[in-house]
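Numbering (our numbering), first residue to last: 201 to 324.
Data first, discussion second: the structure below is written as structure tokens.
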Amino acid sequence: MDYTNDPELNGKYLGTITKDFATVSDTLSEASSQIRKRDISKYPIFVFARQEVPLGGLLINADELNLEWHVFASYLELFVQQGIVGQEGIEAFQSTYRDADEYCCLFVLDEEFTNFVYIPYPED
């Protein structure tokens with residue numbers, strides 16, 4: 201799997217992801233900070249999915265905020281346990297992971313598109 205931004209992320213996804221991300225970015229930034237501060241993981245991952253998925257814990261219910269994407273809080277070690285990132289892919293993932301204070305690591309999960317995407321947090 202390619203752990204960098206996917207050039208195939210078309211406008212259909214980018215628009216809805218960006219719109220929802222703008223609404224929840226503060227929550228994701230705080231959750232990322234807490235995951236790292238509590239030494240749960242150095243690699244927080246937020247799963248954006250249109251339906252409930254067994255990847256981490258539900259952080260934001262799309263229905264409650266009138267969003268298109270549910271957001272689940274997860275992290276690299278859980279992705280390894282669940283076989284999404286193989287043992288041989290850990291180093292590649294870590295080397296492409298961006299600064300978690302500046303970028304949010306999303307795992308976008310949909311029928312036509314499944315991949316990691318890094319989106320910069322809005323500047324205050």
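Using N, Cα and C, we set each Cβ at its ideal position, and we do this for glycine too.
What is the DSSP secondary structure of residue i, reduced to helix, strand or coil?
i      : result
TYR303 : strand
TYR213 : helix
SER274 : strand
LEU265 : helix
GLU312 : coil
ILE245 : strand
ILE240 : coil
VAL317 : strand
Restricting to Cα atoms, I'd like to know which of the options is closest to residue i.
i      : options                        : result
ASP296 : GLU312, LEU276, ILE240         : Rather than Asp, the amino acid found at residue 296 in this sequence is Thr. Among GLU312, LEU276, ILE240, the Cα nearest to that of THR296 belongs to LEU276.
PHE307 : PRO244, GLU264, PRO322, ILE290 : PRO244
GLN251 : SER241, VAL317, ASP310, PHE279 : ASP310
LEU265 : LYS219, PHE313, LYS237         : LYS219
ALA262 : ALA231, THR216, CYS305         : THR216
TYR246 : ASP239, TRP269, ARG238         : Here residue 246 is Phe; the residue named in the question, Tyr, does not match the sequence. Comparing Cα positions, the closest option is TRP269.
If we call anything under 8 Å between Cβ atoms a contact, is residue i one with residue j?
i      : j      : result
VAL271 : LEU259 : yes
ARG298 : TYR321 : no
CYS305 : PHE316 : yes
Measure the C-alpha to C-alpha separation of residue i and residue j and round it to an integer number of angstroms.
i      : j      : result
ALA273 : GLU288 : 23 Å
ALA292 : ALA300 : 16 Å
THR223 : LEU267 : 9 Å
ARG236 : GLU312 : 31 Å
GLN281 : ALA249 : 19 Å
ASP226 : ILE290 : 27 Å
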